[in-house]
Each structure stands twice: as structure tokens, then as C-alpha cells.
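If you read the sequences in order, they're chains A and B.
Number 28 in the working numbering belongs to position 24 of the first sequence; there are no gaps in the numbering.
Number 259 in the working numbering belongs to position 113 of the second sequence; there are no gaps in the numbering.
We put the CB at the ideal spot given by N, CA and C, even for glycine.
Computed from a predicted structure; not experimentally measured.
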Amino acid sequence: MRISQRLILGFLAIAMWVAVVGHISLYQLNQISDPLSNDIPESVKSINKTAYLDGLSQSIRYYHEVSTQSARNYAFTQDKRWKQHYKDIEPELDRVIKDASEKGGEKDRGFFSTIYKVNHTLMEMENKSIELVDKGQPEEAIKILESSKYWDQKKNFEQDIGDYVSRRGIKYDEALSSSTRAVNLATKQAQDLIKTSTRLILIFGVVAIILAIGAGLLISRSIYVPLFELKAAADEIGKGKIDTQIEITSNDEVGQLASSFKKMLNDLQKTTTSIDNLNLEITERKKAEESVRHAYEDLEKANQEMKEMQSQLVQSEKLSSIGQLAAGVAHEMNTPVGFVASNFETLEKYMIKIEKLFQMYSELIDKIETSDKAVLLDKVDAISKSRNEMKIDFILKDLSVLFNDSREGIDRVTSIVQNLRDFSRKDDPENFDIYNINDGIRATLVVVQNEIKYDADVEMELSEVPQILCSTGQINQVLLNILMNAAQAIKSQERDDKGKITIRTYATDDEVVCEISDDGPSIEPDKLAKIFDPFFTTKPVGKGTGLGLSISYDIIVNKHKGALLVDNSVGKGTKFTIKLPINKKETEKERMVENNENKNCIIRG
Amino acid sequence: MVENRTVLFVDDDEAILNSLERGLMDEPYNKLFTISCKEALEILKREEVHVIITDLRMPEMSGLEFIKIIKKEYPRIIRMVLSGYSQDPALQMAIDQGEIYILIPKPWKSGGNFEKLIRRAVEHYNIQNERETIPQRIPRD
Chain A
5 MRISQRLILG FLAIAMWVAV VGHISLYQLN QISDPLSNDI PESVKSINKT AYLDGLSQSI
65 RYYHEVSTQS ARNYAFTQDK RWKQHYKDIE PELDRVIKDA SEKGGEKDRG FFSTIYKVNH
125 TLMEMENKSI ELVDKGQPEE AIKILESSKY WDQKKNFEQD IGDYVSRRGI KYDEALSSST
185 RAVNLATKQA QDLIKTSTRL ILIFGVVAII LAIGAGLLIS RSIYVPLFEL KAAADEIGKG
245 KIDTQIEITS NDEVGQLASS FKKMLNDLQK TTTSIDNLNL EITERKKAEE SVRHAYEDLE
305 KANQEMKEMQ SQLVQSEKLS SIGQLAAGVA HEMNTPVGFV ASNFETLEKY MIKIEKLFQM
365 YSELIDKIET SDKAVLLDKV DAISKSRNEM KIDFILKDLS VLFNDSREGI DRVTSIVQNL
425 RDFSRKDDPE NFDIYNINDG IRATLVVVQN EIKYDADVEM ELSEVPQILC STGQINQVLL
485 NILMNAAQAI KSQERDDKGK ITIRTYATDD EVVCEISDDG PSIEPDKLAK IFDPFFTTKP
545 VGKGTGLGLS ISYDIIVNKH KGALLVDNSV GKGTKFTIKL PINKKETEKE RMVENNENKN
605 CIIRG
Chain B
147 MVENRTVLFV DDDEAILNSL ERGLMDEPYN KLFTISCKEA LEILKREEVH VIITDLRMPE
207 MSGLEFIKII KKEYPRIIRM VLSGYSQDPA LQMAIDQGEI YILIPKPWKS GGNFEKLIRR
267 AVEHYNIQNE RETIPQRIPR D
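In C-alpha cells:
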């Protein structure tokens with residue numbers, strides 16, 4: 005049963021109880037009021053009646069006394085006031101007697117009509133005496149009043165009324181005592197009833213209170229016991245014992261609350277499970293974070309190591325590109341050195357031959373004076389023969405060619421050496437130097453000439469560009485890398501004709517731009533994005549380090565705050581664009597210093 | 147025997163050819179000089195050549211390609227290389243496979259070994275030639 009129903013039922017029971025009690029009390033009260041409302045008023049009425057008649061008869065007696073006396077006094081004194089007095093009283097007496105005869109019982113009515121007649125006779129006589137007085141015959145009037153007839157009448161009247169009054173007095177006492185008895189009885193009855201009622205009401209009241217308390221206790225118990233259980237369960241859950249069982253099966257609000265609570269608990273358990281899962285997940289995530297942090301630290305470390313390695317790699321890449329070049333440069337050097345050395349050896353042979361011929365000429369000169377003509381002619385023949393044998397004429401003619409060739413060879417070697425030096429002049433990445441990219445291109449071209457010249461023609465469109473501050477060695481290395489790549493790309497095509505490499509320079513307001521394009525195979529789009537990645541190479545194993553462009557990118561973008569772009573959308577081939585910022589202030593300053601200090605600086609390119 | 151032999155020099159650098167010519171001035175064999183492989187192939191069509199000495203890195207056709215053609219079309223010609231570019235793996239492979247008789251690195255030193263090497267090549271040709279012609283010269287019964 006629901007608590008509300010239980011409460012209503014409880015209150016209804018109490019209300020019914022109270023109604024029953026009230027009804028009984030009402031009945032009791034009615035019983036009390038019966039004698040009070042019936043017996044007592046009856047007796048009071050009889051007392052009143054008796055008392056009234058008694059009072060009337062007393063009044064009759066008094067009015068008779070006064071009226072007779074007033075008539076008598078008027079007759080004797082002729083004082084008009086008595087007459088007036090009589091006239092006032094007489095009607096009253098008449099009315100009182102009439103009233104008494106009406107109010108009284110059967111017996112009384114007979115008595116009062118007799119009294120009325122007697123009084124009437126007396127009144128006639130008295131009125132006659134008053135008329136006689138008024139006529140001035142008081143003696144006559146006194147006669148009437150002193151007559152025996154009058155006195156008899158008067159005596160009778162007084163006798164009758166006296167009897168009646170005494171009789172009435174006894175009746176009154178009787179009525180009074182009987183009514184007193186009735187009242188006493190009623191009072192006693194009422195008192196008894198009140199006592200009983202009070203006791204009953206008291207008992208019923210106490211029972212009602214006990215009932216109310218009992219019902220209240222029962223109801224509240226039925227409410228607070230499960231509530232208390234719920235509270236205890238909630239406390240337990242609060243402490244974390246999520247699997248607490250709730251044994252409330254009642255069908256009331258608490259039961260509903262309990263089932264809601266169970267549902268909530270169920271949900272909570274589910275939630276807790278999911279929270280547990282979440283916690284687990286969080287723990288795992290924390291672990292993962294931890295491992296990620298570890299991994300990150302490892303990565304940091306690796307990054308640090310990488311950075312350290314990078315400088316080594318840059319160095320090795322440089323060595324690699326230099327190594328790659330070395331062979332080419334060696335050939336480039338070996339050729340002039342080869343023929344100059346050979347020429348030098350030949351020159352020595354020439355010298356020996358010339359010396360030999362010179363010797364013969366000397367001998368001839370010595371013998372001119374001492375010898376005869378025939379001997380001399382023999383000698384001349386011998387000289388001429390030797391001259392032919394030793395190909396002196398060729399030698400003499402060849403000497404200038406030999407010198408020219410050798411000079412040219414030495415110039416070539418000088419140029420290569422000079423450009424090699426220029427190529428990586430002052431390779432200090434911390435201290436930038438004044439650099440003209442056109443000079444850099446020329447120096448680099450000399451170095452890579454041997455790599456390019458058999459495969460491609462180089463076309464240069466170099467505009468006047470401002471000098472910039474940068475690391476000569478590094479920028480030249482970038483140019484070298486790009487030019488080598490271009491040459492190798494063209495070479496990889498194994499085409500019949502020569503390829504073409506175009507180098508263009510120009511300046512914008514704040515940048516020096518160098519474009520190097522080739523008509524070799526264009527880079528595939530999927531590889532285009534990777535070409536600046538370290539270790540990415542399309543060359544066969546052992547042919548490239550995969551670091552050239554990555555290092556070039558680092559040099560141009562990171563170290564020089566420039567840009568290195570690649571574009572292979574324009575028809576055939578690939579175009580690299582190097583953009584280097586112009587730092588006007590610093591370059592101007594440096595140029596001034598350079599001009600002042602280095603008047604004999606070597607003109608490069 | 148050596149006097150009748152002809153050595154063909156191929157190098158794209160005229161100064162090299164000049165220096166070779168003057169350095170080998172006194173050598174007894176005939177000497178031909180050309181600055182390209184194509185020209186060399188032209189010469190081979192009209193002249194009898196016994197030894198070829200070629201550079202490796204040249205435009206149009208490289209020395210190794212040239213040697214391959216020679217080996218195929220003129221197998222009896224002794225093939226020599228005179229190059230400053232001696233680290234090329236392809237060259238090493240060619241040497242290993244016996245396509246090249248001798249590799250002379252640049253710079254060479256004339257006035258001794260260099261001349262001897264060329265002469266040995268010529269002689270090698272002669273020996274090779276003799277071996278091949280012996281059966282022809284032995285009279286049959």
C-alpha cells in the first residue's frame with residue numbers, strides 16, 4: 005500500500021473514531037439536555053404561574069385596600085386627590101382581577117369571577133359615595149360607606165382574597181419544592197451523564213491518541229525503515245561499495261524510490277564499470293603517454309644525435325660530392341698535366357737534339373779555319389743529315405706549338421686549381437662573405453665542367469646582380485649539386501644529342517634569383533615531393549648519397565633564409581630556382597671594407 | 147716489323163694529340179691522330195690500324211663504347227686506353243673482361259715506360275699475327 009494511501013487510511017480511521025466518539029458524546033449531551041429542556045422549564049412554568057397568580061392576588065389585596073381607603077378618605081376629607089387616587093387604582097384593580105380570572109385555572113376562574121362581582125358591587129357603592137361628595141352631600145356618602153351592606157361586602161371580599169392568598173401560598177411552596185426536586189434530579193442526571201461522557205470521551209480520546217500514535221508509528225515505521233535501509237545503502241555506496249544490495253520490495257513510494265535507487269545503482273554500476281573501463285583506459289593512456297614521452301625523449305635524443313650526425317653527414321655529403329668531383333677534376337687536371345708533362349719530357353729530348361746539333365755546328369765553326377773545304381763540306385753534310393734524322397726542322401717549328409700547348413695546359417691547371425679554391429673559399433658557415441652569384445656559377449661550372457661537357461651544353465643568361473652576404477662554399481655546393489643532378493639526369497637518358505642546361509640570374513628588389521633548368525627527364529610528380537628529403541635518391545645504389553638536395557635545401561632555406569623551389573611542370577625537364585635575400589645594409593658595408601682592403605682581389609670566373 | 151705497324155690515337159683534346167705526336171716522334175711505327183671516335187671509325191675503314199689508344203671521356207661516343215665496336219668489328223686490333231679517369235667501375239670491368247690490353251693513366255711519362263708500353267702493344271699484335279699465320283706458312287705435304 006502506498007504511503008499516501010496509508011496516511012489517508014490512518015487519518016480516515018482516526019476521523020471515523022472521532023466521529024463515533026463525537027456521535028456518542030452528542031447522544032450523551034442530548035440525554036443531558038432532555039431533562040433540562042423538558043422537566044425544568046415545565047416546573048419553572050408551573051412555578052411562574054403559581055408565582056404570578058400569587059402576585060396577582062397580592063396585588064388585588066393591595067389595590068382593594070388602597071381603593072377602599074381612598075374612597076373612604078374622600079368621603080371624610082373631600083380632598084380631590086383621594087378621588088383622583090381612587091380613579092387611578094380602581095381600573096387597575098379591575099384589570100388585575102380580570103387578568104387573574106383569565107390566567108388562573110378552572111377553580112381560580114370561578115373564584116375570580118365571584119371576586120369580580122363582589123368588587124363590582126363595592127365599586128358601585130364607592131362611586132355613588134364619590135358622586136354624593138361631589139354633590140356636596142358627604143354625610144350621605146359616609147352613610148353608604150358605613151352601611152352594613154358595604155362592610156359585609158368588604159369583609160367577604162377581604163375574607164375570600166385572604167383565603168385565596170393563603171391557599172395560593174401553599175400551592176406556590178409545593179410547586180417550588182417539586183420544581184426544585186425536578187431541577188435537582190435533572191442536575192444530578194446531567195452530572196452523572198457528564199461524568200460518564202467525560203469518562204467516555206477521555207477513554208475514547210486516549211484510545212484515539214493511542215490509535216493515532218500507533219498508526220503514525222506504523223506508517224512512519226513503514227516509511228523510515230526502508231528509507232533508513234536506503235540511506236544505509238547510499239552510505240555504503242558513498243563509501244565505494246558499489247555492489248551493495250537493496251532488499252526493499254514494498255509497493256509504495258519508498259519501494260518506487262528503492263527501485264529507482266536500484267535502477268540508479270544499476271546505472272551507477274554500469275557507469276562505474278564504464279568509469280572503471282575509462283580509468284583503465286586512462287591508465288593505459290597514461291602508460292601510452294608515458295611511453296610516448298619516453299619515445300619523445302628518445303626521439304629528442306635521436307634528434308640531438310641526428311643533429312650531430314647531420315653535420316657529419318653534411319661533411320660526408322660534401323666529401324662525397326667532392327669525391328665524385330675529384331675523379332672528374334682529376335681527369336680534367338690529368339689531361340693538361342699529362343700533355344704538359346709529356347711535352348716537358350719531349351722538350352728535354354728536343355734540347356738534347358738541339359744541343360747535339362749545336363755541338364756539331366760548334367765543331368764546324370771551330371774547323372772552318374783549320375780544315376780544308378772538303379772536310380768542311382763533309383761536316384756540313386753530316387750536320388744536315390743529323391738535322392734531318394733528328395727532325396730538327398720539325399722540332400723548331402713545333403717548339404712554339406709545344407710552348408703554346410703547355411702554356412695552355414698550365415693555364416687550364418691553374419684555372420682549375422683557382423676555381424677549386426674559389427669554389428669552397430673560406431668555408432666558414434658562421435661568417436658570411438661577400439658573394440656574387442654569377443662568379444659562384446662560373447667557378448662551379450669550371451669544377452663541374454668535366455661532368456657536364458660531354459652530355460650537355462651550358463647556356464648562361466647572367467644579369468648584373470647585387471652582391472649578397474652568404475657562405476660562398478655552401479652556395480657553390482648547392483649550385484654544384486643542382487648542376488650535377490641536371491647533368492646526370494640528361495646523361496641517364498642516353499640520348500644521341502647533347503642536352504641543354506640553362507642558367508639564368510636576375511635580381512628583384514630584395515632577392516637574387518638563380519634559375520637552373522635542364523631539358524632532361526622531368527621528375528615524376530610522386531617523387532617531386534620527396535626530392536628534398538634526406539636519403540631520397542633516384543640514382544642507382546652507390547651513385548648518390550640522397551643528401552645533396554636535402555643539404556642544399558638546408559643551406560638555402562635554413563642557413564640563408566632564402567628559398568629553393570623545384571618546378572617540372574614546364575614542358576620537359578626540371579627547373580630549380582634559388583632565391584637568396586639581399587641584405588643591403590650589411591653588403592654595402594662589407595663591400596666598402598672589401599674595396600678598401602682588397603684592391604688586388606682575384607677576379608673570379 | 148714494328149715499322150710497318152700503325153697506331154691510332156683518339157683523344158678529344160688536341161693538346162694531348164700534339165704532345166703524343168711530338169713525344170712519340172722518334173718511334174718507328176706509323177702514327178695516326180684523331181679527335182673523335184667517329185673520325186677514328188672513318189679512318190679504320192680506309193687504313194690498316196694495328197693498335198688503338200683511346201681516351202675514355204669524349205663527347206658523342208665514349209672510349210668504352212668505341213672499344214666495344216672495335217672489339218666486334220676489328221677484333222685483331224690491340225685496344226689500349228690512355229685516360230685520366232681511371233676509377234670508372236665500367237672501365238675496371240672492361241679491363242677485367244680482357245677488352246683492354248693496357249690502361250695507361252694520365253698523366254703519362256714519356257721518355258721510357260710509355261713508349262715501351264706502346265711498342266709492346268705493337269709487338270703483341272705481331273706475335274698474335276704470327277701465331278695466327280703460322281699454320282698458313284707451314285708447308286703441307
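Residue environment, residue i, which counts as buried when at least 16 other CB atoms sit within 10 Å
{"i": "B/R151", "result": "buried"}
{"i": "A/D402", "result": "buried"}
{"i": "A/D459", "result": "buried"}
{"i": "A/L158", "result": "Note that residue 158 of chain A is Lys in the sequence shown, not Leu. A/K158 comes out buried."}
{"i": "A/H27", "result": "exposed"}
{"i": "A/P45", "result": "exposed"}
{"i": "A/V469", "result": "buried"}
{"i": "B/N99", "result": "The structure shown has nothing for residue 99 of chain B, since chain B only spans 147 to 287."}
{"i": "A/K603", "result": "Per-residue confidence for A/K603 stands at a pLDDT of 43, beneath the threshold of 50, marking its modelled position as unreliable; the derived number appears in the next sentence. Under this definition A/K603 is an exposed residue."}
{"i": "B/M226", "result": "buried"}
{"i": "A/Q611", "result": "Summary: the structure shown does not reach residue 611 of chain A, with chain A confined to residues 5 through 609, and so no result is reported for it."}
{"i": "B/M204", "result": "buried"}
{"i": "A/G444", "result": "buried"}
{"i": "A/Q497", "result": "exposed"}
{"i": "A/G577", "result": "buried"}
Residues that residue i bridges to, as DSSP identifies them
{"i": "A/A567", "result": "A/K583"}
{"i": "B/N176", "result": "B/T152"}
{"i": "A/K357", "result": "Answer is none; A/K357 lacks a bridge partner."}
{"i": "A/E465", "result": "A/R508"}
{"i": "B/P251", "result": "B/S229"}
{"i": "A/V517", "result": "A/Y510, A/K583"}
{"i": "A/I438", "result": "A/L473"}
{"i": "A/G503", "result": "A/A460"}
{"i": "A/D522", "result": "A/I505, A/T578"}
{"i": "B/I199", "result": "B/F155, B/M226"}
Cβ shell of residue i (< 8 Å), same chain only, five flanking positions each side left out
{"i": "A/S74", "result": "W86, K87, H89, Y90, I93"}
{"i": "A/V25", "result": "L204, I205, F208, G209, A212"}
{"i": "A/P142", "result": "A79, F80, Q82, L136"}
{"i": "A/K107", "result": "K53, Y56, L57, L60"}
{"i": "A/I535", "result": "I527, L553, V570"}
{"i": "A/K360", "result": "S390, M394"}
Own chain residues within Cβ distance below 6 Å of residue i, not counting five before or after
{"i": "A/E601", "result": "Note on A/E601: pLDDT 46, under 50, position unreliable in the model; the coordinate value appears next. Correct list: empty, nothing qualifies."}
{"i": "A/M129", "result": "I148, Y154"}
{"i": "B/P224", "result": "The displayed chain sequence assigns Ile, not Pro, to residue 224 of chain B. Same-chain partners within the cutoff: V197, Y247, A267, H270, Y271."}
{"i": "A/V416", "result": "First, the residue type needs correcting, since residue 416 of chain A is Arg and not Val in the sequence shown. Hits under 6 Å: P340."}
{"i": "A/C605", "result": "Low local confidence applies: a pLDDT of 39 at A/C605 is under 50, so the model's placement there is unreliable, with the coordinate-based value given in what follows. Cβ within range, chain order: n/a, list empty."}
{"i": "A/A104", "result": "L60, F116"}
{"i": "A/I583", "result": "The sequence given here places Lys at residue 583 of chain A; Ile does not occur at that position. Closer than 6 Å at Cβ, skipping near neighbours: E515, V517, G566, A567."}
Cutoff 7 Å; reference residue i; Cβ partners in own chain excluding five residues on either side
{"i": "A/S133", "result": "A75, A79, A145, I148, L149"}
{"i": "A/N160", "result": "V122"}
{"i": "A/M127", "result": "E94"}
{"i": "A/D239", "result": "none"}
{"i": "B/Y231", "result": "L202, R203"}
_Pairs of beta-carbons, one from the segment 355-365 of chain A and one from the segment 389-397 of chain A, closer than 8 Å: are there three or more?_
The segment 355-365 of chain A, when compared against the segment 389-397 of chain A, does touch it at the 8 Å Cβ threshold.
*For the segment 168-187 of chain A and the segment 66-81 of chain A, state whether three or more C-beta atom pairs, one from each stretch, are separated by less than 8 Å.*
No, the segment 168-187 of chain A is not in contact with the segment 66-81 of chain A.
*asked:* Check whether the segment 434-447 of chain A and the segment 404-415 of chain A are in contact - that is, three or more C-beta pairs closer than 8 Å.
replied: no
*Contacting positions in the segment 147-165 of chain B - beta carbon closer than 9 Å to chain A*: D157, D158, D159, E160, A161, I162, L163, N164, S165
*Mind checking the segment 171-200 of chain B against chain A and listing, in chain order, the residues whose C-beta falls within less than 8 Å of any C-beta there?*
M171, D172
_Cβ contact check for the segment 348-355 of chain A and the segment 164-172 of chain B: 3 or more pairs under 8 Å_ = yes
*Selection of the segment 238-270 of chain B by Cβ proximity to chain A, strictly under 7 Å*: K252, P253, W254, K255, S256, G257
*asked:* Beta carbons nearer than 9 Å to chain B: which residues of the segment 394-407 of chain A have them?
replied: M394, K395, F398, I399, D402, V405, L406
_Counting only Cβ-Cβ distances shorter than 7 Å, please list the residues of the segment 203-215 of chain B near chain A, keeping chain order._
R203, M204, P205
*Can we say the segment 514-529 of chain A touches the segment 483-496 of chain A, given the rule of at least three CB pairs closer than 8 Å?*
yes
_Does the structure place the segment 5-12 of chain A close enough to the segment 214-228 of chain A that three or more beta carbon pairs sit under 8 Å?_
yes
*Counting Cβ pairs, one atom from each stretch, are 3 or more of them under 8 Å apart for the segment 200-220 of chain B and the segment 178-190 of chain B?*
These segments touch.
*Return the residues of the segment 357-385 of chain A that lie within a Cβ-Cβ distance of less than 8 Å from chain B, sorted by chain order.*
Within the segment 357-385 of chain A, no residue has a Cβ that lies closer than 8 Å to any Cβ of chain B.
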